[in-house]
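Q:
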Amino acid sequence: MQLGESPFWHPTEGRLYWLDIPAKQLHRLHVASGVLQSWAMPSEPGCMAPAEAGGLVVALRSGIYRAREWGGALALIVAAPYDTANMRFNDGKADPEGRFWSGTIDETRSAANAQLWSLDCRDQTPRLDAKVGDASTGNGLAWSPDAGTVYWTDTPSHSIRAWDWNATENTLARPRVFASWPGKPAGWQAGMENCGSYGGRPDGAAVDALGNYWVAMYEGGRILQLSPVGETLADWPLPACCPTMPCFGGVDLKTLYVTTARQNRPVAELQAFPDSGAVFAMRVDVPGLPVNFFRD
258 MQLGESPFWH PTEGRLYWLD IPAKQLHRLH VASGVLQSWA MPSEPGCMAP AEAGGLVVAL
318 RSGIYRAREW GGALALIVAA PYDTANMRFN DGKADPEGRF WSGTIDETRS AANAQLWSLD
378 CRDQTPRLDA KVGDASTGNG LAWSPDAGTV YWTDTPSHSI RAWDWNATEN TLARPRVFAS
438 WPGKPAGWQA GMENCGSYGG RPDGAAVDAL GNYWVAMYEG GRILQLSPVG ETLADWPLPA
498 CCPTMPCFGG VDLKTLYVTT ARQNRPVAEL QAFPDSGAVF AMRVDVPGLP VNFFRD
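First residue of the sequence shown: 258, per this note's numbering; consecutive thereafter.
1. Helix or strand or just coil, what does DSSP make of Val315?
2. Mapping DSSP to helix, strand and coil, what is Glu262?
3. Are at least three pairs of beta-carbons, each pair with one atom in the segment 495-503 and one in the segment 432-444, less than 8 Å apart?
4. Use the C-beta contact count for Thr410: other C-beta atoms within 10 angstroms, 16 or more gives buried, fewer gives exposed.
5. Give the secondary structure of Asn396 by DSSP, where H, G and I count as helix, E and B as strand, and everything else as coil.
6. Tell me the residue span of the beta strand (DSSP E) that contains Val464.
7. Please return the same chain residues whose Cβ sits closer than 8 Å to the Cβ of Val292, not counting the five positions on each side in sequence.
8. Got a sec? Which residues, its chain only, sit under 8 Å from Gly320 by beta carbon, not counting five neighbours each side?
9. If you draw a straight line from the alpha carbon of Cys378 to that of Arg318, how long is it in whole angstroms?
10. Please specify which runs of the beta strand (DSSP E), each continuous and at least 3 residues long, are wholly inside the segment 319-353, giving them in chain order.
11. With 16 as the cutoff for other CB atoms within 10 Å, does Arg458 come out buried or exposed?
12. Tell me the DSSP bridge mates of Thr428?
13. Is Ser414 helix, strand or coil by DSSP?
14. Taking the alpha carbon of Glu426 as the point to measure from, which residue in Ala518, Val288, Pro353, Thr489 has its own alpha carbon closest?
15. Can you tell me where the alpha helix (DSSP H) with Val292 in it begins and where it stops?
16. Would you list, in sequence order, the uninterrupted alpha helix (DSSP H) runs of no fewer than 4 residues that lie entirely inside the segment 470-547?
17. Are there 16 or more other CB atoms within 10 angstroms of the CB of Thr382, so buried, or fewer, so exposed?
18. Suppose the cutoff is 6 Å on Cβ atoms and the five residues either side in sequence are ignored; what does the same chain contact list for Leu256 look like?
19. Going by DSSP, what residues sit across from Phe551 in a beta bridge?
20. Buried or exposed, going by whether 16 or more other CB atoms sit within 10 Å of the CB of Leu490?
21. Give me the DSSP bridge partner(s) of Ser375.
22. Between which two residues does the beta strand (DSSP E) holding Trp275 run?
23. To which residues does DSSP link Asp403 through a beta bridge?
Written out as structure tokens, the structure is:
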């Protein structure tokens with residue numbers, strides 16, 4: 258993958274789903290048989306989620322779409338609420354109530370005008386609401402096991418935010434910084450010899466059954482496991498400098514899958530880490546939370 262993202266484990270299908278944003282592709286792997294399928298999209302997909310009634314909901318640059326089956330028709334639910342010339346949907350997933358959330362990314366990196374959007378299709382009329390703003394690259398969306406906390410990251414800020422979440426009313430309160438890291442060291446340049454010396458910045462994330470937050474540290478070549486209060490519990494190195502998002506899968510939800518990127522990476526880095534852009538997996542001790550299904 259050029260930029261792998263949005264992995265999730267489908268429990269009834271035994272499949273791992275993920276996408277490649279610049280390649281405009283959705284992928285799914287039936288792990289037991291090794292059968293891999295790909296599906297071309299009309300524009301860049303930022304994220305997706307399985308639907309309770311079958312198929313997928315997919316956030317493309319042009320809007321949020323519903324696919325009733327793999328490879329089937331894409332039906333527009335809502336058009337993109339932004340200028341598609343320089344902005345698109347990015348990291349997102351369904352919440353425990355069945356709404357679909359997606360952050361956006363300002364591709365110009367010139368203003369903090371990215372937002373976190375929530376789409377509710379449980380009634381007759383789809384409702385799209387902006388929940389949080391003041392960001393340039395929305396990532397790291399996740400919920401705590403008790404559905405009382407929502408996490409979201411503005412990756413360039415090197416910090417993860419958290420809010421109290423009222424699931425019924427879909428409201429956020431008590432904003433705070435969950436975890437943060439220093440910015441890039443002065444003079445730091447991407448490349449083979451520097452992978453790991455910077456530490457990276459927070460990208461996509463997943464939460465385990467104990468409430469620990471697992472986050473991909475982009476350009477840091479690692480996955481961090483953070484406690485529910487933001488303390489680092491474990492630091493897992495990866496054979497790629499740019500992990501993008503983890504998810505939990507397998508029958509017991511104890512396999513951690515991680516997507517990575519290779520787009521625009523230095524030649525020396527790709528020579529040192531030739532599997533950049535692959536999906537990696539490792540076994541872990543604590544199961545993750547199951548994927549939330551979109552409800553319409």
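We put the beta carbon where it would ideally sit given N, CA and C, even for glycine.
A: Let me lay it out:
1. In the three-state DSSP reduction, Val315 falls in the strand class (E or B).
2. DSSP places Glu262 in strand when its eight states are reduced to three.
3. With a cut-off of 8 Å on Cβ pairs, the segment 495-503 is not in contact with the segment 432-444, counting fewer than three such pairs.
4. Of the other Cβ atoms in all chains shown, 16 or more fall within 10 Å of the Cβ of Thr410; this residue is therefore buried.
5. In the structure shown, the three-state DSSP call for Asn396 is strand.
6. Bounds of the beta strand (DSSP E) holding Val464 are 458-464.
7. Its chain contains Leu286 as the residues whose beta carbon lies nearer than 8 Å to that of Val292, once the 5 sequence neighbours on both sides are disregarded; these appear in chain order.
8. Cβ within range, chain order: Leu333, Ile334, Val335, Ala336, Ala337.
9. Straight-line Cα distance between these residues: approximately 19 Å.
10. DSSP runs (the beta strand (DSSP E)) wholly in the segment 319-353: 320-324, 331-336, 344-351.
11. Around the beta carbon of Arg458, a 10 Å sphere encloses 16 or more other beta carbons of the protein chains shown; the residue is thus reported as buried.
12. Note: Thr428 is bridge-paired with Asn423 in the DSSP secondary-structure output.
13. Looking at Ser414 - three-state DSSP - the assignment turns out to be helix.
14. Out of Ala518, Val288, Pro353, Thr489, Pro353 has the C-alpha closest to the C-alpha of Glu426.
15. For Val292, there is no enclosing alpha helix (DSSP H); the residue is found in the beta strand (DSSP E) stretching over 292-297.
16. Correct list: 524-529.
17. Thr382 comes out exposed.
18. A question about residue 256 goes unanswered here, because the residues of the chain that appear run from 258 up to 553.
19. In the DSSP assignment, the residues bridged to Phe551 are Ala308.
20. Leu490 should be labelled exposed.
21. Beta-bridge partners assigned by DSSP to Ser375: Trp358, Asp386.
22. Annotation: the continuous beta strand (DSSP E) that includes Trp275 extends over 272-277.
23. Bridge partners of Asp403 according to DSSP: none are assigned.
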